[in-house]
Amino acid sequence: MAVHQRLPSNLTELERICKEEWQRIPKSRCEKLVASFPKRLMAVLDQKVFFLCLYFFSAHDGVVLGVDTRATSGEVVADKNCSKIHYIAPNIYCCGTGTAADTEKTTDMLRSNLALQILSMGHNPRLIMASRILQDFLFRHKGQISAMLLLGGVDCTGSHIFTAGPYGSVNKAPFATVGSGDLPALVVFEDRFKPNMTEEDAKLLVRDAISAGNMNDLGSGSNVDLCVIRKNGTEYIRPFERKCKYPEGTTTIVKKQTINLDLVEEHSRSKFYIETIYTVLFNLCNSEKN
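The numbers in the UniProt record's numbering rise by one with no breaks, and the one at position 233 of the sequence shown is 233.
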């Protein structure tokens, strides 16, 4: 395939060159080229050269992570405002679900490893490096660490999202959900997700997905926290939206029945307690005399 050392100043001329080069390539080679274009793209960009893959390559500007803030212990809500978004690196954040202690210690391990890498390399780490460290650590413990993690961030190759299971399985996807309320949230994503969404649209989509999980899962609830990771910085919004309360009249009343009760005698609570204590003491005194 021909390589152009200089970019044409006219976009129409650039488009014409791209189409001509694309038609010259056999179809079988095009499929292999498309499958491997991220690595080849970075190689030629380092040399300041342009080739066809750059024409249809669409880089994402950032990642939006969202979580609820409810932590449970069985059927008890242990914490209503739990922070589930963990800092890993300046360009990488992680959401955790599962056993709280396992997610905390696992993200601490990942953060310390990447901190050493940053000191050694002198720049922010790549997402694939973080996912590989996480994958090796979880696979080595064979599922004994009860943690399901979601990595998100932006590096020199673009924006990425990885999910890591407790047995070390890692998946990459344009969007992902983990946790007990993942299915309702996944329905919202599959219905409304579009490539190259704006930041505001992405925030609203993640908020609605988290809210769907909160409404349909007892283990999820309370507020919605967001973390927006961009190329030029990160914004941690806590809370993005507080607990939703539906206004009166949202649900239609189908049937209404009123029962009138006649008040026979009214007793205050303090008077009732005094009479009860007096009765108990009176019975004790009589039993001692007898």
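The C-beta atom is built at its ideal place from N, Cα and C for all residues, glycine as well.
message: Counting C-beta neighbours from all protein chains within 10 Å, is the total for F282 16 or more, i.e. buried, or is it exposed?
response: Around the CB of F282, fewer than 16 other CB atoms lie within 10 Å, so the residue is classed as exposed.
- request: Would you mind giving the Cβ-Cβ distance between S159 and G74, rounded to the nearest angstrom? I have them listed as a contact below 8 Å.
  value: With a Cβ gap of about 37 Å, S159 and G74 do not count as contacting.
message: Counting beta carbon pairs with one atom in the segment 87-97 and one in the segment 146-156, are three or more of them shorter than 8 Å?
response: yes
query: How many Å lie between Q117 and A89 at the Cα?
result: 10 Å
query: When you compare only the Cα positions, how much space is there between G179 and L205?
result: 18 Å
Residues near S131 in its chain [Cβ-Cβ closer than 7 Å; skip 5 each side]: L151, F162, A164 and V170
message: Quick check on the DSSP output: what are the complete alpha helix (DSSP H) runs of length 4 or more inside the segment 127-184, in order along the chain?
response: 127-140
- request: Verify whether the separation of the beta carbon atoms of A202 and P184 is less than 8 Å.
  value: no
task: For D102, count neighbouring Cβ atoms within 10 angstroms of its own Cβ and tell me buried if that reaches 16, exposed if not.
output: buried
- request: Using three-state DSSP, classify T258 as helix, strand or coil.
  value: For T258, the secondary structure class from DSSP, reduced to helix, strand or coil, is coil.
- request: Tell me whether C285 is buried or exposed, calling it buried when 16 or more other Cβ atoms sit within 10 Å of its Cβ.
  value: By the 10 Å Cβ count, C285 comes out exposed.
- request: Kindly indicate which three-state DSSP category D208 falls into: helix, strand or coil?
  value: helix
field: Closest residue to M129 among E241, Q144, R111 and R140 (Cα-Cα distance)
entry: R111
message: Which of the three DSSP states is assigned to T106 in this structure?
response: helix
- prompt: Would you call A173 buried or exposed, if buried means 16 or more other Cβ atoms sit within 10 Å of its Cβ?
  reply: exposed
Reduced DSSP secondary structure (H/G/I, E/B, other) of N214: In the structure shown, N214 sits in a helix (DSSP, three-state: H, G or I).
message: I need the boundaries of the beta strand (DSSP E) containing F193, first residue and last residue.
response: Premise fails: F193 is in no beta strand (DSSP E) and is neither H nor E.
- request: Answer yes or no: do T99 and A147 have a C-beta to C-beta separation smaller than 8 Å?
  value: A contact, by the Cβ cut-off of 8 Å.
message: Measuring straight from C-alpha to C-alpha, what distance separates C139 and A115?
response: A small correction: the amino acid at residue 139 is Phe; Cys does not occupy that position in the sequence shown. One C-alpha to the other measures close to 22 Å.
query: Can you tell me whether DSSP reads I92 as helix, strand or coil?
result: Here I92 sits in strand by DSSP.
- request: Return the first residue and the last residue of the beta strand (DSSP E) that T234 is part of.
  value: G233 to E241
query: Near I145, which residues of its chain fall below 7 Å by C-beta distance, leaving aside the five closest residues on each side in sequence?
result: Within the same chain, and ignoring the five residues on either side of I145 in sequence, the residues whose Cβ sits closer than 7 Å to its Cβ are D102, T106, L138 and P166.
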